[in-house]
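Position one of the sequence shown corresponds to residue 5 (the numbering used here), numbered consecutively onward. Each remark here refers to the structure printed beneath this line.
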Amino acid sequence: MITKEQILDLIGEKLEDDGFFLVDVSVKPGNKIDVLIDSEKGVPIEYCVEISRKIEHSLDREVEDFSLEVSSPGIGQPFKVIEQYAKCIGRPVEIVTPDGRVQKGILEEVTEDGFTVSEEKKVKVEGKKKKELQVFNHQFSFDETKRVKEILSL
5 MITKEQILDL
15 IGEKLEDDGF
25 FLVDVSVKPG
35 NKIDVLIDSE
45 KGVPIEYCVE
55 ISRKIEHSLD
65 REVEDFSLEV
75 SSPGIGQPFK
85 VIEQYAKCIG
95 RPVEIVTPDG
105 RVQKGILEEV
115 TEDGFTVSEE
125 KKVKVEGKKK
135 KELQVFNHQF
145 SFDETKRVKE
155 ILSL
């Protein structure tokens, strides 16, 4: 059976040299290989084809048959690696906590331990009739979240 490590060995260095990063590799029963790649500027279809051909030419279908799909994660797909968070700084995200609570905001900062999201809320200010818009920052560690994904708008 083809392994995840084989695929990583085949494309890891090329992705890094070309300014791309690996999001995920899965090898399912029947050698169904799914490779997700991304970059700061997105992934052109031509680059997916190039990576697909590199993998196909390195594996021998005569020895072991396989199916292969190389793509980039779509908007709305949960983040899997820290590089996806960094790519989305300044964009709206949705966070789901382990207890199922959903929070939306703008991704402001990413560190190796977690990330910060800003959220605008209308808050009643003492002595004023109208509520005022205020910005609140929320910090999350990666293990405090069940799922984080980019969304189109808040």
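C-beta: ideal position from N, C-alpha, C; glycine also. Note that the structure is a prediction, hence the values are computed from the model and not measured.
| Item | Value |
| --- | --- |
| Which of helix, strand or coil DSSP assigns to Arg57 | helix |
| Length of the line joining the Cα atoms of Glu124 and Leu158 | 10 Å |
| Whole-angstrom distance between Val114 and Glu20, CA atom to CA atom | 20 Å |
| Buried or exposed by the 16-neighbour rule on C-beta atoms within 10 Å, applied to Val152 | buried |
| Straight-line Cα distance separating Glu116 from Glu148 | 14 Å |
| Where Val129 falls, given that 16 or more other Cβ within 10 Å makes a residue buried | exposed |
| Residue range of the beta strand (DSSP E) that includes Leu26 | 25–32 |
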